[in-house]
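Visitor: In full-length UniProt numbering, the protein residues as written are 1 to 92. This is the structure I have questions about; it appears just below.
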Amino acid sequence: MLTEALTGDHRRDFHVNRLLRACLVRPADEVTARSAARLRTATGRAATISATDAIVAAHAAGRPEPIVLTSDPGDIGALVQHAERRVTVVPV
């Protein structure tokens, strides 16, 4: 989901890159994509919740004690309500 956060200009991306050094960056594989699809469907809002948000929620749900920092707590919150593990959502 780096595509949504980065611009390709290292000067503009400085703060994002700084944050990323403290994050676990993982590829979105087929298992994660299918989990994300299930979460989107479970919300009843699959047509309006982005695949990016669903991938983030699915990744988080697969981690111990997950915390998601997001500017979209509504959609992320709707997704993680259907996760098997409790995910903490922090608006930024």
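Glycine included, each C-beta is placed from N, C-alpha and C at the ideal position.
Since Val56 sits in a beta bridge, which residues does DSSP pair it with?
Guide: Reading the sequence shown from its first residue, position 56 is the one you call residue 56. The partner list for Val56 (beta bridge, DSSP) is empty, contrary to what the question assumes.
Visitor: Work out the CA separation of His10 and Glu52 for me, nearest whole Å.
Guide: Position 52 of the sequence shown, counting from 1, holds the residue named residue 52. Position 10 of the sequence shown, counting from 1, holds the residue named residue 10. Residue identity differs from the one stated: residue 52 is Thr in this sequence, not Glu. Cα to Cα, the separation comes out at about 22 Å.
Visitor: Looking only at its own chain, which residues have a Cβ that is under 6 Å from the Cβ of Leu69, when we skip the five neighbours before and after it?
Guide: Taking the first residue of the sequence shown as 1, we reach residue 69 at position 69. Within the same chain, Leu69 has close Cβ partners Val90, Val92.
Visitor: Where does Leu24 fall in DSSP's three states?
Guide: If you number the sequence shown from 1, residue 24 lands on position 24. It is coil, neither helix nor strand.
Visitor: Nearest to Val56 by alpha carbon, out of Pro27, Phe14, Thr43, Thr7?
Guide: Position 56 of the sequence shown, counted from the start, is the residue given in the question as residue 56. Residue Pro27 is the option with its Cα nearest to Val56.
Visitor: Suppose the cutoff is 7 Å on Cβ atoms and the five residues either side in sequence are ignored; what does the same chain contact list for Ile76 look like?
Guide: The residue you call residue 76 lines up with position 76 of the sequence shown. Excluding positions up to five away in sequence, the list reads Asp53, Val56, Ala57, Val68, Thr70, Val89.
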